[in-house]
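Numbering-wise (the working numbering), the sequence shown opens with residue 58 and increments by one.
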Amino acid sequence: MVRLPRAARGVARRRYLRGPGAGGPIDCLVSRRRQVAVVTGGGSGIGAAIAEAVARRDWFVVTVDPLVTVDGAEFLPEPEQTTAGRIAAAGGWARASSVSVTDPAALGELFDELVHEHGGVDAVVNVAGITRKSRFAEGTEEDWLELLAVHLGGYLNVLGAALPVMERAGRGRIVGVTSGAGWRATDAGGYGCAKRVVASLTWQLGRLMPAGLAVNAISPIAATRMFAVAVERARQEGRTAGAGGFSLFSSIPGPETLGPLGAHMVCDDRFGWCSGLVLFAGGSEAAVIDEPRLLEVVRTDGASPLAGVLDTVLPAAFVPAEAKQSTDGGGNPRFGKLFEEPAPAAVVSGDVRSCVVVSDRPDLAAAITGVLGARSVTCRVLEPTRGFTDADQALRSEVARGPVDAIVVAPSSGPDRVSVGGWRQVLSEHHRIIDQIHADAGWARAAARYAADGNRQIRLVTVTDATTSGGRSRAQGSAQLARVSGATTEGRVSAFAIGHEVSDERAGRSLGELVGHLLTHPAAVALAGAELVAGDGWVGLRSHPKPVGALIYGGPALPDWFDTVVRDMARGPESSRFAAVSAAP
Numbered sequence: 058m059v060r061l062p063r064a065a066r067g068v069a070r071r072r073y074l075r076g077p078g079a080g081g082p083i084d085c086l087v088s089r090r091r092q093v094a095v096v097t098g099g100g101s102g103i104g105a106a107i108a109e110a111v112a113r114r115d116w117f118v119v120t121v122d123p124l125v126t127v128d129g130a131e132f133l134p135e136p137e138q139t140t141a142g143r144i145a146a147a148g149g150w151a152r153a154s155s156v157s158v159t160d161p162a163a164l165g166e167l168f169d170e171l172v173h174e175h176g177g178v179d180a181v182v183n184v185a186g187i188t189r190k191s192r193f194a195e196g197t198e199e200d201w202l203e204l205l206a207v208h209l210g211g212y213l214n215v216l217g218a219a220l221p222v223m224e225r226a227g228r229g230r231i232v233g234v235t236s237g238a239g240w241r242a243t244d245a246g247g248y249g250c251a252k253r254v255v256a257s258l259t260w261q262l263g264r265l266m267p268a269g270l271a272v273n274a275i276s277p278i279a280a281t282r283m284f285a286v287a288v289e290r291a292r293q294e295g296r297t298a299g300a301g302g303f304s305l306f307s308s309i310p311g312p313e314t315l316g317p318l319g320a321h322m323v324c325d326d327r328f329g330w331c332s333g334l335v336l337f338a339g340g341s342e343a344a345v346i347d348e349p350r351l352l353e354v355v356r357t358d359g360a361s362p363l364a365g366v367l368d369t370v371l372p373a374a375f376v377p378a379e380a381k382q383s384t385d386g387g388g389n390p391r392f393g394k395l396f397e398e399p400a401p402a403a404v405v406s407g408d409v410r411s412c413v414v415v416s417d418r419p420d421l422a423a424a425i426t427g428v429l430g431a432r433s434v435t436c437r438v439l440e441p442t443r444g445f446t447d448a449d450q451a452l453r454s455e456v457a458r459g460p461v462d463a464i465v466v467a468p469s470s471g472p473d474r475v476s477v478g479g480w481r482q483v484l485s486e487h488h489r490i491i492d493q494i495h496a497d498a499g500w501a502r503a504a505a506r507y508a509a510d511g512n513r514q515i516r517l518v519t520v521t522d523a524t525t526s527g528g529r530s531r532a533q534g535s536a537q538l539a540r541v542s543g544a545t546t547e548g549r550v551s552a553f554a555i556g557h558e559v560s561d562e563r564a565g566r567s568l569g570e571l572v573g574h575l576l577t578h579p580a581a582v583a584l585a586g587a588e589l590v591a592g593d594g595w596v597g598l599r600s601h602p603k604p605v606g607a608l609i610y611g612g613p614a615l616p617d618w619f620d621t622v623v624r625d626m627a628r629g630p631e632s633s634r635f636a637a638v639s640a641a642p
């Protein structure tokens, strides 16, 4: 379990530190209010580097860190000098708090206290994190949950505490931390899912911020404690490269090289144009990480037979687009009179003869089983499960009745539909996302175990209700996990991810036929891990997040042209996506 701070180390403990040359009252309420930044995970590594860089700009810095081991299981001894102590020794202003990001009540108390004593909170950088072993087919259920709780739940808690304070003040900047494990094809299990949702939150919230507020994220690489543990774990397991592209760097920058970029993003008015951006940060380089975008779309409304259209278009257009992450369109028409003279619908099922459909959505389950039945696949419908153990037991029970060649997981999204609008609606619709990712991952684990035990192949399709903000993030988390299914299981599991962005009623026919294609068409295996989507009258393929432009500047100091170039890479100088956000009070 991740340790919450002891009461004596909690929010009630106030440790204000100021340098020998710093005058004025200890609570910083001077004639010109000193701006306040909260840095979680500020006790060491990247968090400490950013905290110290912000303090050098004459900000009051609060480091929020319970000071635990890299796995979050034990408290560390009190260091001889804390980050706040170093800031004070250098003449700055700082306070240390041992609150954990997994404790929303304590975070709320801390932010209220800072508003009362300092007049507001102007910036938050959320670096807090732990590392545990977690992969598509490995890692304990507890480790998965703790990674999700800290990296995703912790960030949601920080957002919930900070955004109301900033909205009331009419200003504020938040920087979250995602990871390459959340947007590259890396076998990082719960950590990768959590970091993918952090990126998704950044892209979604960035568009909805009121005037004066901004949410951005960095995807850093640095020689931190967590990185060292990951490298050692890989060495012990004999891995020089993990499934799907994870590589061990022989030389990476120290965390201190990331301080200037972090400080720039929250303190500098030159960055005030930006909200909703994810930046890779590597000390001497930076890169803009683009969000998923539609690469290919095919009409389903009115297409008859729809199965014939999908069986023609997906292998010829979606498969190469997924492989290259770009479309082959834009030249001569590729499908001629497809909708006038469609190909006949396929009726063979290949290697898939039996399927378990896990769903509490009767209409969607009926659409899926109807299509699969027409393709000679026998289906059995189960109620959704919770967690790894329940999914494993449910699958074992079905296997006892006969072999299972495929699993379709299509649960409802739950009752979290609200109509409050703006960022509050986004956060509300993410309220259950940890439980949802946990449930989805349970079936991936069960499928991997079943395939390994019997040395057999199995196809797994996860269908996510992506009609809400939280549903869209859940769909991205599902796709991130699916991307490494084949590589990490020696080809035994082919996992597919579909998000539908319209109601079951509108999408049911398209979803049924899309699932049928993925389970029964021989070429569909090439779409394992793809980000598939069903809209109103169409199905499509989205790109994976990827760098769209990189800046090589030597660092760690940023050149004067940094913002001009980043803005151009992030969709041009007049993009309505970005609005001015001043750091000045």
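Using N, Cα and C, we set each Cβ at its ideal position, and we do this for glycine too.
If you keep only unbroken beta strand (DSSP E) runs of at least 3 residues inside the region 241-288, you get 270-277. Under the 8 angstroms Cβ criterion, the region 162-171 does not count as touching the region 98-109, having fewer than three qualifying pairs. Excluding the 5 residues flanking it on each side, Ala400 has same chain C-beta neighbours closer than 7 angstroms at Gly365, Asp368, Thr369, in chain order. At a Cβ-Cβ threshold of 7 angstroms, Arg437 and Val413 count as neighbours. DSSP places Thr369 inside the alpha helix (DSSP H), whose first and last residues are 363-370. Going by beta carbons, Ala338 and Ile275 fall inside the 7 angstroms limit.
Taking 7 angstroms as the cut-off, the beta carbon of Val93 is found closer than this to the beta carbon of Asp179. Taking a 10 Å sphere around the C-beta of Ala380, we find fewer than 16 other C-beta atoms and assign the residue as exposed.
Residue environment analysis places Ser454 among the exposed positions, since fewer than 16 neighbouring C-beta atoms fall within 10 angstroms of its C-beta.
With a contact defined as Cβ atoms closer than 8 angstroms, Ala268 and Gly311 miss out at about 37 angstroms.
Between Gly594 and Asp358, the C-beta spacing is below 7 angstroms. Look at Leu205 here: in three-state DSSP terms it is helix. As the crow flies, the alpha-carbon of Ser154 is around 6 angstroms from that of Thr120. Taken through DSSP and simplified to helix, strand or coil, Cys331 comes out as coil. For His557, the enclosing beta strand (DSSP E) has its first and last residue at 550-557. Taking C-alpha positions only, Val95 is separated from Ala242 by approximately 32 angstroms. Per DSSP, reduced to three states, the secondary structure at Val582 is helical. Three or more beta-carbon pairs separated by less than 8 angstroms link the region 345-364 to the region 590-608, which places the two stretches in contact.
Going by DSSP, Thr519 is part of the beta strand (DSSP E) stretching over 515-522. In this model, Pro123 and Gly104 are separated by some 13 angstroms (Cα to Cα).
Apart from sequence neighbours up to five positions away, the residues of its chain that approach Gly586 with a beta-carbon distance below 6 angstroms are Ala539, Arg540, ordered along the chain.
Contact check for Val232 against Val182 passes: the beta carbons are separated by less than 7 angstroms.
Non-local beta-carbon contacts of Ala503 in its own chain, meaning distances under 7 angstroms to residues more than five positions away in sequence, involve Ala448, Asp449, Leu452 in chain order. By the neighbour-count criterion, in which a residue is buried when 16 or more other Cβ atoms sit within 10 angstroms of its Cβ, Thr545 is buried. If you look at Pro604, you'll find it in the beta strand (DSSP E) that goes 603-609.
For Val376, the closest of His173, Leu164, Leu575 by C-alpha to C-alpha distance is Leu575. For Gly229, the enclosing beta strand (DSSP E) starts and ends at 229-234. Your pair Leu205 and Ile494 checks out as a contact, with CB atoms roughly 6 angstroms apart and the cut at 8 angstroms.
Classified as buried, Glu348 has 16 or more neighbouring CB atoms from the shown chains inside 10 Å of its CB. Residue range 161-175 is occupied by the alpha helix (DSSP H) that includes Phe168. Residue burial is scored here from C-beta neighbours: Pro390 has fewer than 16 other C-beta atoms within 10 angstroms and is therefore classed as exposed.
The secondary-structure analysis by DSSP pairs Asp347 across a beta bridge with Lys603.
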